[in-house]
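In my numbering, the protein residues as written are 50 to 142.
One structure is given below, encoded as structure tokens.
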């Protein structure tokens, strides 16, 4: 397994701007449009991409947004790890 480093430090030591979780997933999955993330044929690839993401690399609200946007569900989760696990389990159904 590999971990994807999402935040990078610039030469000045400040964080570079990073994409949102949804934008990152769409880019990695090769989606032409963000709405493509909802297409079931992409779910196996999306779950593999998410396996490599450190849960705290994105904010809790971004994980909640991803759950809501991709699954259409408003699931209550307690932290980033639970959100990631829930989303991956939905994608593997």
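Backbone N, C-alpha and C define an ideal beta-carbon position, used for all residues, glycine too.
How long is the line joining the alpha carbons of residue i and residue j, rounded to whole angstroms?
i, j, result
"residue 107", "residue 84", "20 angstroms"
"residue 127", "residue 111", "13 angstroms"
"residue 50", "residue 140", "Residue confidence is low: residue 50 scores 39 on pLDDT, short of 50, so the model does not pin down where it sits. Its coordinate-derived value is still stated next. Roughly 19 angstroms separates the two Cα atoms."
"residue 118", "residue 87", "8 angstroms"
"residue 69", "residue 120", "17 angstroms"
"residue 135", "residue 91", "17 angstroms"
Looking at the secondary structure, which residues open and close the alpha helix (DSSP H) in which residue i lies?
i, result
"residue 161", "In the structure displayed, the chain extends from 50 to 142; residue 161 sits before or after that span and is not available."
"residue 76", "70-78"
"residue 133", "129-140"
Which whole-angstrom value describes the C-beta separation of residue i and residue j, a residue pair presumed to lie in contact below a C-beta threshold of 8 angstroms?
i, j, result
"residue 71", "residue 132", "Not really, about 13 angstroms apart at Cβ, beyond 8 angstroms."
"residue 81", "residue 94", "Incorrect: roughly 15 angstroms between the Cβ atoms, too far for contact."
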